[in-house]
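Undergrad: For reference, the structure I am asking about is given below.
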Amino acid sequence: MSYNIFVTDLTEEIGSLMLALLKIKAEQGAIFPEEQELLERLKAGPGHPPAPARKTSPAPHPQGDGRAS
Numbered sequence: 000m001s002y003n004i005f006v007t008d009l010t011e012e013i014g015s016l017m018l019a020l021l022k023i024k025a026e027q028g029a030i031f032p033e034e035q036e037l038l039e040r041l042k043a044g045p046g047h048p049p050a051p052a053r054k055t056s057p058a059p060h061p062q063g064d065g066r067a068s
């Protein structure tokens with residue numbers, strides 16, 4: 000049996016993957032100073048920046064003058 004999972008915001012998943020990759024690089028001693036700083040921030044926890052606001056289209060206007068007949 001298979002499942003399909005649809006995710007609209009991959010921020011947490013991407014952060015988890017980045018954390019895992021940076022931990023591996025740190026263990027191997029192949030991490031750059033900028034990456035070490037990012038690793039420390041990711042380890043600190045859920046201080047992720049908020050997701051950008053989604054643009055929404057305006058609601059359609061009723062046709063006519065808007066009065067009930």
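With numbering that gives the first Met the number 0, the residue at position 62 of the sequence shown is 61, and numbering never jumps.
By construction, the Cβ of each residue, glycine as well, lies at the ideal position given by its N, Cα and C atoms.
Only a predicted model underlies this, so the values are computations on that prediction, with no experimental measurement involved.
1) Counting Cβ pairs, one atom from each stretch, are 3 or more of them under 8 Å apart for the segment 7-16 and the segment 27-35?
2) Comparing C-alpha positions only, which one of Thr10, Asn3, Glu12 and Lys42 sits nearest to Ala25?
3) Within this structure, are the beta carbons of Leu38 and Leu21 separated by less than 7 Å?
TA: On the basis of the data shown:
1) No, the segment 7-16 does not touch the segment 27-35.
2) Cα-wise, what sits closest to Ala25 is Lys42.
3) Yes, the Cβ-Cβ distance between Leu38 and Leu21 is below 7 Å.
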